[in-house]
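Q:
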Amino acid sequence: MSISNSILKLVGIEDKNIKINDISHQTINGVQCHIIEAKLSYDIERCENCGFPDVIKNGTRQTKIRLSSFNGDRYILKLAKQRYRCYHCNSTFGAKADIVEFNHSLSKRFDEDILAQACSSLT
Numbered sequence: 002m003s004i005s006n007s008i009l010k011l012v013g014i015e016d017k018n019i020k021i022n023d024i025s026h027q028t029i030n031g032v033q034c035h036i037i038e039a040k041l042s043y044d045i046e047r048c049e050n051c052g053f054p055d056v057i058k059n060g061t062r063q064t065k066i067r068l069s070s071f072n073g074d075r076y077i078l079k080l081a082k083q084r085y086r087c088y089h090c091n092s093t094f095g096a097k098a099d100i101v102e103f104n105h106s107l108s109k110r111f112d113e114d115i116l117a118q119a120c121s122s123l124t
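Be aware that the sequence shown starts at 2, since it is given in the numbering used here, and climbs by one per residue.
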C-alpha cells in the first residue's frame with residue numbers, strides 16, 4: 002500500500018480515482034489546517050447526457066472539500082476534478098466523487114460528525 006492510499010484511508014476516503022499530489026500545512030484564520038491537494042480523474046466511455054461515445058477530457062475544476070478533523074486539526078481537500086466534453090451534444094460535465102454530495106463543500110463524513118455532535122449536545 003502506498004503512502005497516498007494510507008493518507009486517504011486515514012481521512013476516510015475510499016475512492017480509487019483520487020490521487021494525492023501534495024500535502025501542506027497552513028494557518029487559516031488562526032487555525033492550523035492540513036491541505037491535501039489531489040486530482041480526481043477516470044475514463045468515461047459514454048456521455049452522461051446523450052449516451053454517445055464522443056467524450057474527451059476537457060481540463061479540471063478546483064474544489065475545496067472540508068474533511069473531518071483528526072487530532073484537533075482541520076483537513077481540507079483541494080480536489081481538481083476532471084471535466085469532460087461531448088462532441089456529439091456539445092455538453093460538458095465533471096467527474097463525481099463519493100465523498101461529497103453534488104455542489105457541496107462538506108464531506109459526507111463531516112456532515113455525519115456535525116449531526117452526531119448536535120444530537121449529543123441536545124441530550
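Every residue, glycine too, gets a C-beta built ideally from N, C-alpha and C.
Starting from the C-beta of GLY60, find all residues in its chain whose C-beta is less than 7 Å away, skip the five residues before and the five after it, and write them out in chain order.
A: Stepping through the sequence shown from its first residue, residue 60 is reached at position 59. Same-chain partners within the cutoff: ARG84.
Q: Can you find the residues in the same chain that come closer than 8 Å, C-beta to C-beta, to ASP112, ignoring five residues on each side of it along the sequence?
A: Translated into the one-based positions of the sequence shown, residue 112 becomes position 111. Closer than 8 Å at the Cβ level, and outside the excluded window around ASP112, lies no residue.
Q: What did DSSP end up calling GLU38 once you bin it into helix, strand or coil?
A: The count along the sequence shown starts at 1 and reaches residue 38 at position 37. Correct three-state label for GLU38: strand.
Q: With contact counted as at least three CB pairs below 8 Å, one residue from each stretch, are the segment 19-36 and the segment 47-64 in contact?
A: No, the segment 19-36 is not in contact with the segment 47-64.
Q: Could you pull out every residue in the same chain whose Cβ sits closer than 6 Å to the Cβ of ILE24, ignoring the five residues on either side in sequence?
A: To locate residue 24, count along the sequence shown from 1; it is residue 23. Counting only Cβ-Cβ distances below 6 Å, and skipping sequence neighbours, we find ILE37.
Q: What does DSSP give as the partner residues of TYR85 in its beta bridges?
A: Position 84 of the sequence shown, counting from 1, holds the residue named residue 85. According to DSSP, TYR85 bridges with LYS58, PHE94.
Q: Just the C-alpha distance for ALA98 and ASP16, rounded to the nearest angstrom, thanks.
A: For the purposes of this step, residue 98 is taken as the residue at position 97 of the sequence shown. For the purposes of this step, residue 16 is taken as the residue at position 15 of the sequence shown. Taking the straight line joining both Cα atoms gives about 7 Å.
Q: I need the straight-line Cα distance from HIS105 to PHE94, nearest angstrom please.
A: The residue you call residue 105 lines up with position 104 of the sequence shown. The residue you call residue 94 lines up with position 93 of the sequence shown. Those two C-alpha atoms are separated by around 16 Å.
Q: For HIS26, write down the residues that DSSP places opposite it in a beta bridge.
A: Taking the sequence shown and counting its residues from 1, one reaches residue 26 at position 25. Paired residue(s): HIS35.
Q: Spell out the partners DSSP gives GLN63 in its beta bridges.
A: Walking along the sequence shown from the start, residue 63 turns up at place 62. Answer is ALA81.
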